[in-house]
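To convert, count from 1 in the sequence shown and add 3; that's my numbering. Glycine included, every Cβ here is placed at the ideal spot set by N, Cα and C. All values reported here derive from a predicted model rather than from experimental measurement. Below is one structure, written out as structure tokens, with a few remarks after it.
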Amino acid sequence: MTTTLDITLSAPVNLRDLGGTPIAGGTLRDGLAIRADDLSVITEADARELTAGGLASVIDLRTADEVALTGRGPLAAHAVAYHHLPLMGSVGGGIPAADEHGSAHAGMGEMYALMVETAAPQLATALGIIAVSPGATAFHCAAGRDRTGVLAAMLLLALGAADDDIVRDYAKTDANMGAILTRIGPTMSVLLAKFGMDLEEVSKLNGSLLDGAEPMDVSMRILLGRLRERHGDPLAPLRAAGLTDATVTQLRAKALA
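Here it is in structure tokens:
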């Protein structure tokens, strides 16, 4: 069980601009929102490329333990605003059980719905940051799938995207999972060890999340479905936590500019 970390910097393997997604009134432009895997361990060359491309703000969705382990990384030396908005209390809290039918992806979707409901203030704040950022906003967790996928879904919902398009964006990560696990494995091993867990054992328990036997989009469809079942408006938890109509209007105008 690994308990120390020798950080190796590398380019992100699950980074993409949300530009091109159909939204209310047209198509989301490039340069508004970028979703990514861990930006704290990118290289200086990656940091320069991102800032040269217009990156103005970073929203870090990782836990305090994750941030303590790797910090902000090379972007800390650049003129980029940093916002730490953890969506979970601990990494251990992000390992879902399978549902009653043995579906790990379904269990993940249920966890996503709970995340929206319990971390609604952070998600509402994140949308507000994207609305006022003078340039592109990048948001990331470790893998760029779960916490990042939840924020991406909330942003696209606010912009009026259809469920199928939200699911389509989420599922793009599936092809990157092998590279993601290789990249974040050393960090996750150290973090899981703090909770008495082993990365290899956790991977075995959650193997169906990675083996391709079940479509990855199940998780996102369950999230969207659960929010509508419980709240009617899937953004209701965020609205109750401070997301205003004015912010949604500002986001939509900025997304089409």
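Proximal residues to residue i (C-beta, below 6 Å), its chain only, five neighbours per side dropped
| i | result |
| --- | --- |
| valine 251 | Ala161 |
| glycine 105 | Because glycine 105 carries a pLDDT of 49, less than 50, the predicted location of this residue cannot be relied on, and the following value inherits that uncertainty. Around glycine 105: no qualifying Cβ. |
| alanine 134 | Thr250, Gln253, Leu254 |
| alanine 174 | Met219, Asp220 |
| arginine 229 | Ala116 |
| arginine 148 | Thr176 |
| methionine 223 | Val170, Tyr173 |
| serine 136 | Ala59, Ser60 |
| glycine 112 | Ser222, Ile225, Leu226 |
C-alpha distance - residue i paired with residue j, whole-angstrom precision
| i | j | result |
| --- | --- | --- |
| aspartate 63 | proline 237 | 23 Å |
| threonine 30 | glycine 23 | 6 Å |
| leucine 194 | leucine 259 | 40 Å |
| leucine 227 | valine 119 | 10 Å |
| aspartate 166 | glycine 138 | 26 Å |
| leucine 72 | histidine 234 | 37 Å |
| histidine 108 | leucine 117 | 14 Å |
| glutamate 52 | phenylalanine 142 | 16 Å |
| phenylalanine 198 | glycine 110 | 21 Å |
| glycine 76 | glutamate 69 | 12 Å |
| aspartate 9 | alanine 80 | 21 Å |
| leucine 88 | arginine 65 | 7 Å |
| leucine 154 | leucine 90 | 9 Å |
| serine 93 | threonine 247 | 29 Å |
| arginine 19 | threonine 190 | 22 Å |
| leucine 130 | alanine 164 | 15 Å |
| serine 192 | leucine 78 | 24 Å |
| alanine 265 | methionine 157 | Because the chain spans 4 through 260 in this model, residue 265 falls outside it and cannot be assessed. |
| glycine 57 | alanine 84 | 12 Å |
| threonine 151 | aspartate 168 | 16 Å |
| alanine 196 | glycine 188 | 12 Å |
| alanine 256 | proline 25 | 14 Å |
As assigned by DSSP and simplified to three states, the class of residue i
| i | result |
| --- | --- |
| alanine 141 | strand |
| histidine 234 | helix |
| histidine 81 | coil |
| serine 222 | helix |
| serine 93 | coil |
| threonine 247 | coil |
| glycine 76 | coil |
| leucine 126 | helix |
| glycine 110 | helix |
| alanine 239 | helix |
| alanine 256 | helix |
| glycine 199 | coil |
Neighbourhood of residue i by C-beta, 7 Å cutoff - its chain only, sequence neighbours within 5 removed
| i | result |
| --- | --- |
| alanine 14 | Ile45, Thr46, Asp49 |
| valine 16 | Asp40, Asn179, Ala182, Ile183, Arg186 |
| isoleucine 132 | Ser60, Ile62, His86, Thr140 |
| alanine 245 | It should be pointed out that residue 245 corresponds to glycine in this sequence rather than to alanine. For glycine 245, where only same-chain residues beyond five positions count, the Cβ hits under 7 Å are Pro124, Ala127. |
| leucine 1 | Missing from the structure shown is residue 1; the chain here goes from 4 to 260 and no further. |
| leucine 42 | Pro15, Val61, Gly76, Leu78, Ala141, His143 |
| alanine 122 | Leu90 |
Residues that DSSP places opposite residue i in a beta bridge
| i | result |
| --- | --- |
| arginine 86 | Residue identity differs from the one stated: residue 86 is histidine in this sequence, not arginine. Histidine 86 pairs with Ile62. |
Distance cut-off 6 Å: residue i Cβ against heavy atoms of the ligand ATP
| i | result |
| --- | --- |
| threonine 73 | With respect to small molecules bound, the structure shown includes none, and the ligand ATP cannot be examined in it. |
Sequence-distant residues of the same chain with beta carbon closer than 8 Å to residue i, five excluded per side
| i | result |
| --- | --- |
| arginine 32 | Gly22, Ala258, Leu259, Ala260 |
| arginine 231 | Pro237 |
Length at least 4, wholly inside the stretch 4-66: the alpha helix (DSSP H) runs in chain order
If we require 4 residues or more, the alpha helix (DSSP H) runs fully inside the stretch 4-66 come out as 47-55.
Whole alpha helix (DSSP H) elements within the stretch 134-185, 4-residue minimum:
You should have 149-161, 166-174.
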